[in-house]
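Undergrad: This is the structure, below, for whatever I ask next.
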Amino acid sequence: MLDVMERGLAALMRGGYEGEAFGMRTRFTSIRIEDGRISGLDGGEVLGIGIRCAISGKVGFSYTTDPQRIEGCVKEAIKLAKVAGSDFRGFPDRSSDYPSVDGIFDPDILEFDPDRGVEYATILIDAAKEVDGRIDVTGGEFSVSSASSWIVNSNGVEVCENSTSVGASVSVALGEVAAWQEQEARLLAMIDCERIGREVALLAVRSQNPVKIETGIRPVILMPPAISSLLSYTTINHLLAESVQEMRSPYRGKVGEVVMSPLLSITDDGRLNNGVGSGIFDGEGVPTQRTVLVEEGVLKGFLYDTYTARKDGVESTGNATRTFDTTPAVGPTNFIIEPGTASGEDLITEVQDGILVTDLIGAHTASRTSGEFSLLVHNGFRIERGEMTDPIRQVMISGSTVDLLRNVSLIGSDTRQYGAVVSPSILFEDVQVTQ
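Per UniProt numbering, the sequence shown starts with residue 1, numbered consecutively.
So, in structure tokens, the structure goes:
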């Protein structure tokens, strides 16, 4: 693959153009679960090369899934660059500061036997049904993948990386209650299918016979899946330089100001050991780094790729994200809310009349610009006098993430990663709860 990419880059440079080639090869195996049984197995390989060509501040992009067509891909990128708008800020320069990141490659996944995948998926099913024989395992998946990526550009960048990932998910039903759980990791040894199956079944059992609650303003505990769902569509976008530059962030012009609770500190760490979003370099070949975004409530900065960084006259934070068939855009790696010291019991004890929310439905409807949301609680519980009591159903919480993150009263220690977000459970005050 690398030799094909270098041939494409050389063709660009011979024509006097700046350029970049991004290549990726992914192998995957996936075992599907439906109606309490193994329903199918998928697997295969996806590979492709993306070419960017820059001409006098204009950039064209083309990609191919056939390495034999690299010359045609290069010609297409040149053609598109000649008619593109002139706002390109250049490719990143070569660096010698690439980090060593542990826990992102598992050789055991490289030669993964699909029969092992069936065993893992079966554990998901059995663990759920062992909790309660009435549980219906409605769906799920166990998957592994390995990926190799390469980047070369006309400024001398030439980097490559091998990585792996593994994921398990399961959904169950009991009566009118549905529940879902998942885990994603980089190493096979970090996936616990028995825990996932057991947890989702227990959640379904505990969610039986829901009660109604009164509408009002009350404290709310959001668990890690709920926080990930909400912040992935709101706060993360607010802290991207692209959103700030395009006037779509409520935090524009507020660096150095208190914008959140002093209990909150947030970083983005592309070098996090075992992190789902970790890597040696970003989608442009820039070294990853740890970036402080919020420190004890004070806004410290934003996430940048090369384009947005050069617009602001700063350095990229190594946050370009892409695949071979897309151009780079700024995005998170591992978006980390620093944990507190409180246990789950401590959080509940602090609440006299409130609710605990396991997850949320409809987070994609939240405003990416203002952070306003009105979302349905999925698997929630009432808290009375410091104890979790009855399950609740058809309850909504609403407000804005800007206000929500100012009203933090206690942070848990139960950190988990869902998607890009690494977060503990958090107790928020004064949240609108509607039945």
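In this text, a Cβ means the ideal position worked out from N, Cα and C, and glycines have one as well. Just so we're clear, the structure is a prediction, and the values are computed from it rather than from any experiment.
Taking DSSP as the reference, what is the three-state secondary structure of K254?
TA: Three-state result, K254: coil.
Undergrad: Output the distance between the C-alpha atoms of D390 and V377, rounded to the nearest integer angstrom.
TA: For D390 and V377, the distance between alpha carbons rounds to 14 Å.
Undergrad: First and last residue of the beta strand (DSSP E) that includes R52?
TA: Residues 37-55.
Undergrad: Does the pairing of the segment 100-117 with the segment 297-316 give three or more beta-carbon distances under 8 Å?
TA: Not touching, per the Cβ criterion.
Undergrad: To the nearest whole angstrom, what separates the beta carbons of V157 and I38, a pair I think is in contact under 8 Å?
TA: 44 Å between Cβ atoms; not a contact.
Undergrad: Taking a contact to mean a Cβ-Cβ separation below 7 Å, would you say I217 touches Q394 in this structure?
TA: Taking 7 Å as the Cβ cut-off, I217 and Q394 do not qualify as a contacting pair.
Undergrad: Output yes or no for whether 7 Å exceeds the beta carbon distance between P225 and Y98.
TA: It is not a contact, given that the beta carbons lie outside the stated cut-off.
Undergrad: Taking T415 as part of the beta strand (DSSP E), name the residues at either end of that continuous run.
TA: Premise fails: T415 is in no beta strand (DSSP E) and is neither H nor E.
Undergrad: Let me know the secondary structure DSSP gives L124 once reduced to three states.
TA: Three-state result, L124: helix.
Undergrad: Count the other CB atoms, across all protein chains shown, that sit within 10 Å of the CB of N273; report buried if there are 16 or more and exposed otherwise.
TA: The residue is exposed, with fewer than 16 neighbouring Cβ atoms inside 10 Å.
Undergrad: Could you pull out every residue in the same chain whose Cβ sits closer than 6 Å to the Cβ of G283, ignoring the five residues on either side in sequence?
TA: Closer than 6 Å at the Cβ level, and outside the excluded window around G283, lie A320, T321, R322, P328.
Undergrad: Considering only residues of the same chain and omitting the five flanking positions on each side of D265, which have a CB-CB separation below 7 Å?
TA: One detail in the question is off: residue 265 reads as Ser in this sequence, not Asp. Contacts found: V294, E295, E296, E338.
Undergrad: Measuring straight from C-alpha to C-alpha, what distance separates M388 and I348?
TA: Those two C-alpha atoms are separated by around 7 Å.
Undergrad: Comparing C-alpha positions only, which one of L41, T235, S145, R310 sits nearest to F88?
TA: Nearest of L41, T235, S145, R310 to F88, Cα basis: R310.
Undergrad: In three-state DSSP terms, what is D87?
TA: Coil, per DSSP.
Undergrad: Within 10 Å of its beta-carbon, does R94 have 16 or more other beta-carbons around it, so buried, or fewer, so exposed?
TA: R94 is exposed by the Cβ-count criterion.
Undergrad: With DSSP as the reference, identify every bridge partner of L375, one or two as the case may be.
TA: Its beta-bridge partners are I397.
Undergrad: Name the two residues that bound the continuous alpha helix (DSSP H) containing T291.
TA: Where T291 is concerned, there is no enclosing alpha helix (DSSP H), although the beta strand (DSSP E) it sits in stretches over 290-295.
Undergrad: Would you call the segment 364-373 and the segment 229-238 in contact, with 3 or more CB pairs under 8 Å?
TA: As far as the Cβ criterion goes, the segment 364-373 touches the segment 229-238, which means the pair count is three or higher.
Undergrad: Within the same chain, show all residues whose beta-carbon is closer than 7 Å to that of G399, passing over the 5 residues directly before and after it, in chain order.
TA: F373, V431, Q432.
Undergrad: Taking 6 Å as the line, does the beta carbon of S207 fall inside it for any heavy atom of the ligand ATP?
TA: The model depicted lacks the ligand ATP and carries no ligand whatsoever.
Undergrad: How many angstroms separate the CA atom of M223 from the CA atom of A54?
TA: One C-alpha to the other measures close to 46 Å.
Undergrad: If you compare alpha carbons, which of I70, R25, Y17, G23 is closest to V59?
TA: Here the closest residue by C-alpha is Y17.
Undergrad: Do three or more CB pairs link the segment 241-254 to the segment 204-213 at distances below 8 Å?
TA: Flag = no, the segment 241-254 and the segment 204-213 do not touch.
Undergrad: Pick from S154, R406, E350: whose alpha carbon is nearest that of G19?
TA: Nearest option by C-alpha distance: S154.
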